[in-house]
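For the sequence shown, my numbering gives the first residue as 19, with consecutive numbering after it.
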Amino acid sequence: MTTKFQVVYWRDIPAQVKVRSGGTRLSRSLGARFQQAIDQAAMIAGKAGSEEYLGEWRTGAWRDREGSADETAEAICAELE
């Protein structure tokens, strides 16, 4: 089974994995260290708590991977960790 996934980033720091397969859609947040890195980078850049902060979020392209939605989400998160 082919599943599609994309990674959500703040600037170049990954934060979340989104997966879709058939009618199944799910997302997994990466570990707390990623959110801490995002928060720290935002404060250094002077973008914490502002519209500029929101403007830095982006999503990668949807990509294909073999496996179920759960398997794909877990595998991609593990690779990014």
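Just so it is clear, CB atoms sit at the ideal spot from N, CA and C, and this is done for glycine as well.
The residue from G49, A50, L72 with its alpha-carbon nearest to that of A60 is L72. The closest CA to that of T21, considering only T90, S68, E99, D30, is found on T90. Its chain contains K22 as the residues whose beta carbon lies nearer than 6 Å to that of R38, once the 5 sequence neighbours on both sides are disregarded; these appear in chain order. By the neighbour-count criterion, in which 16 or more other beta carbons inside 10 Å mark a residue as buried, I62 falls on the exposed side. Assignment of E97 by DSSP, reduced to helix, strand and coil, places it in the helix class. Straight through space, the alpha carbons of G41 and L48 are spaced by roughly 23 Å. Scanning its chain for C-beta atoms nearer than 6 Å, with the 5 sequence neighbours on each side dropped, one finds around W80 the residues K22, Q24, in chain order.
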